[in-house]
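Numbering of the sequence shown is given in the working numbering, commencing with residue 20 and proceeding in unit increments.
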Amino acid sequence: MEATLTLYRTGYSGLQIGLHWLIVAMVAVQLLIGENMAEMIEAAEEGEVASPEDVLWGNVHLWLGIAILVIMLVRLFLRLAQGAPQHAGDASPLTKLAASALHGTLYVVLLAAPISGLVAYYGLADTGELHEASRPILIVLVLLHALAAIYNQFVRKDGTLSRMLRPQ
20 MEATLTLYRT
30 GYSGLQIGLH
40 WLIVAMVAVQ
50 LLIGENMAEM
60 IEAAEEGEVA
70 SPEDVLWGNV
80 HLWLGIAILV
90 IMLVRLFLRL
100 AQGAPQHAGD
110 ASPLTKLAAS
120 ALHGTLYVVL
130 LAAPISGLVA
140 YYGLADTGEL
150 HEASRPILIV
160 LVLLHALAAI
170 YNQFVRKDGT
180 LSRMLRPQ
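The following block contains the structure:
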């Protein structure tokens, strides 16, 4: 039997998988502590002193946002350099388009949120409202992404989640 050359990836690299789950954890923390940053900024705008808790978690929010931005840029580079595997199973063209659109939108929001937050924090432009609007958008996108992965793994049984757990 003659060997054939596979011209597409069948899974993600270990680095891609590790960065994916690191972003998941960091975004979860950001969503939990983001209000502290808002309280810290509001206190500063009103000439008041923010609580030590708000200062602590506000600074954690700032630095995690910077880390998310850097890691997302690395993820974007890896995706462009290494590519992504083809869609699992026998998904319809519409399903493939929806999955690609969801991934693309997630990348845009995961880059735009920290950029708009940094710009607002340093007072370079009034992007605070844009940054705040990214929160519910990101929550919806993450839920859609997770539900689609769970559906594909357990209903369609196409191995979607397995590809994000084991490097290939």
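Built from N, CA and C at the ideal position, the CB exists for glycine as well. Since the structure is predicted, the reported quantities are computational estimates derived from the model, not experimental observations.
Relative to the alpha-carbon of residue i, which residue among the options has its alpha-carbon at the smallest distance?
| i | options | result |
| --- | --- | --- |
| residue 109 | 57, 53, 171 and 132 | 171 |
| residue 151 | 127, 32 and 50 | 50 |
Less than 8 Å between the C-beta atoms of residue i and residue j, yes or no?
| i | j | result |
| --- | --- | --- |
| residue 129 | residue 87 | yes |
| residue 81 | residue 141 | no |
| residue 178 | residue 136 | no |
| residue 102 | residue 154 | no |
| residue 42 | residue 79 | no |
Within 10 angstroms of the Cβ of residue i, are there 16 or more other Cβ atoms? Answer buried if so, exposed if not.
| i | result |
| --- | --- |
| residue 46 | buried |
| residue 133 | buried |
| residue 37 | exposed |
| residue 39 | exposed |
| residue 100 | exposed |
| residue 107 | buried |
| residue 182 | buried |
| residue 66 | exposed |
Between the C-alpha atoms of residue i and residue j, what's the straight-line distance to the nearest angstrom?
| i | j | result |
| --- | --- | --- |
| residue 123 | residue 160 | 11 Å |
| residue 60 | residue 77 | 9 Å |
| residue 114 | residue 98 | 20 Å |
| residue 92 | residue 57 | 25 Å |
| residue 71 | residue 169 | 40 Å |
| residue 187 | residue 34 | 11 Å |
| residue 95 | residue 89 | 10 Å |
| residue 55 | residue 48 | 12 Å |
| residue 32 | residue 149 | 33 Å |
| residue 184 | residue 162 | 19 Å |
| residue 146 | residue 158 | 19 Å |
| residue 156 | residue 44 | 17 Å |
| residue 164 | residue 68 | 39 Å |
| residue 175 | residue 116 | 17 Å |
| residue 173 | residue 75 | 41 Å |
With a cut-off of 8 Å on the beta carbons, I'd call residue i and residue j a contact; round off their distance for me.
| i | j | result |
| --- | --- | --- |
| residue 30 | residue 104 | 5 Å |
| residue 167 | residue 118 | 7 Å |
| residue 73 | residue 62 | 7 Å |
| residue 138 | residue 131 | Actually they do not touch by this definition, with Cβ atoms about 10 Å apart. |
State yes or no: is the beta carbon of residue i nearer than 8 Å to at least one beta carbon in chain B?
| i | result |
| --- | --- |
| residue 29 | You won't find chain B in this structure, because it holds only one protein chain. |
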